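Read through the structure below, which is laid out as structure tokens, and then see the notes.
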Amino acid sequence: MKKLLLLPVTLFMIVPALGHGDALSRETLKKFFPEAENFVSRQKSLTSQQLLQVEKASGDEVQEVDRDLTVYVAIAKDPQTGKMQSIGGVVVVDALGAKGFLDLAVGCNLDGSIRKVLVLENMDDKELESETFLGQLEGKGPSDSWDLESGFRLVGNPASARAVIRAVRRGMYLFLAFMGR
3 MKKLLLLPVT LFMIVPALGH GDALSRETLK KFFPEAENFV SRQKSLTSQQ LLQVEKASGD
63 EVQEVDRDLT VYVAIAKDPQ TGKMQSIGGV VVVDALGAKG FLDLAVGCNL DGSIRKVLVL
123 ENMDDKELES ETFLGQLEGK GPSDSWDLES GFRLVGNPAS ARAVIRAVRR GMYLFLAFMG
183 R
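3 is the number of the first residue of the sequence shown in our numbering; add one for each residue after it.
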């Protein structure tokens, strides 16, 4: 009987380690899309071809956890038609900085451009959470320059800052792959 009681506890402790942790709260999602009336969690298993395309386009290595992607789709009412429609989505990606891991939530508009980036967990430099650093990623899209050497003001350890930028770009391309683009 004691063995049976321990099994659910063991599984409960293992499951969060398999992905990006807990689901994002409505409060967190509203920081990306305050106009959204609802958020829907959607899962999609990306194909090997899609993952290769994401790696090539983003210049960052896709992680195994990225294969089974969860996107929090933001839903809002179209002001002209009154119909509910998707306005964007949020994905969670990991970055490995010089001092440790970071979990990042990346909000994307439907065209793939970055809406907002939040650091959910940071085992690295706290400067990487600053609005000054993360704010410069907002509005960047797939056709914009993502030059790590001259396109951004890096904070803290430069290697960690570059890792965050690469992870955000990977998140953008994962979102586009989810959308079928």
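Glycine residues also receive a C-beta, built at the ideal position from the N, C-alpha and C atoms. The model shown is predicted, which means the values in this text are computed figures rather than measured ones.
Three-state secondary structure (DSSP) of residue i
{"i": "Phe154", "result": "coil"}
{"i": "Ser50", "result": "helix"}
{"i": "Ala25", "result": "coil"}
{"i": "Gly90", "result": "strand"}
Same chain, Cβ closer than 8 angstroms to residue i, five either side skipped, listed in chain order
{"i": "Leu106", "result": "Val94, Val95, Asp96, Ala97, Val119, Leu120, Val121, Leu122, Val166, Ala169, Val170, Gly173"}
{"i": "Glu39", "result": "Ile77, Ala78, Lys79, Met86"}
{"i": "Leu31", "result": "Ala38, Phe41, Tyr74, Ala76, Val92"}
{"i": "Ser88", "result": "Val75, Ala76, Ile77, Leu112"}
{"i": "Leu71", "result": "Gln45, Lys46, Ser47, Leu48, Val93, Leu176, Ala179, Phe180"}
Same chain only: Cβ atoms within 6 angstroms of residue i, ignoring 5 sequence neighbours per side
{"i": "Asp126", "result": "Gly99, Lys101, Gly102, Leu104, Ser162"}
{"i": "Phe135", "result": "Val157"}
{"i": "Gly182", "result": "none"}
{"i": "Phe14", "result": "Unreliable positioning characterises Phe14 in this predicted model, as indicated by a pLDDT of 32, which lies under 50. The coordinate reading is nonetheless provided below. Around Phe14: no qualifying Cβ."}
{"i": "Trp148", "result": "Arg171"}
{"i": "Ser60", "result": "Arg171, Arg172, Tyr175"}
{"i": "Leu139", "result": "Ile116, Val119, Val170"}
7 angstroms CB neighbourhood of residue i in its chain, flanking five on each side removed
{"i": "Ser132", "result": "Val157"}
{"i": "Ala25", "result": "Ser43"}
{"i": "Gly90", "result": "Phe35, Ala76, Gly109, Cys110, Asn111, Leu112, Arg117"}
{"i": "Gln115", "result": "Contrary to the premise, residue 115 reads as Ser rather than Gln in this sequence. Counting only Cβ-Cβ distances below 7 angstroms, and skipping sequence neighbours, we find Gly141, Lys142, Gly143."}
Rounded distance between the beta-carbons of residue j and residue i, thought under 8 angstroms
{"i": "Phe177", "j": "Arg117", "result": "Contact doesn't hold; Cβ gap of about 10 angstroms is too wide."}
{"i": "Leu53", "j": "Arg69", "result": "6 angstroms"}
Every unbroken beta strand (DSSP E) within the region 93–168, with a cutoff of 3 residues, ordered by chain: List check, beta strand (DSSP E) in window: 103–111, 116–124.
4 or more residues per run - each alpha helix (DSSP H) lying fully within the region 31–76: 50–60, 66–69
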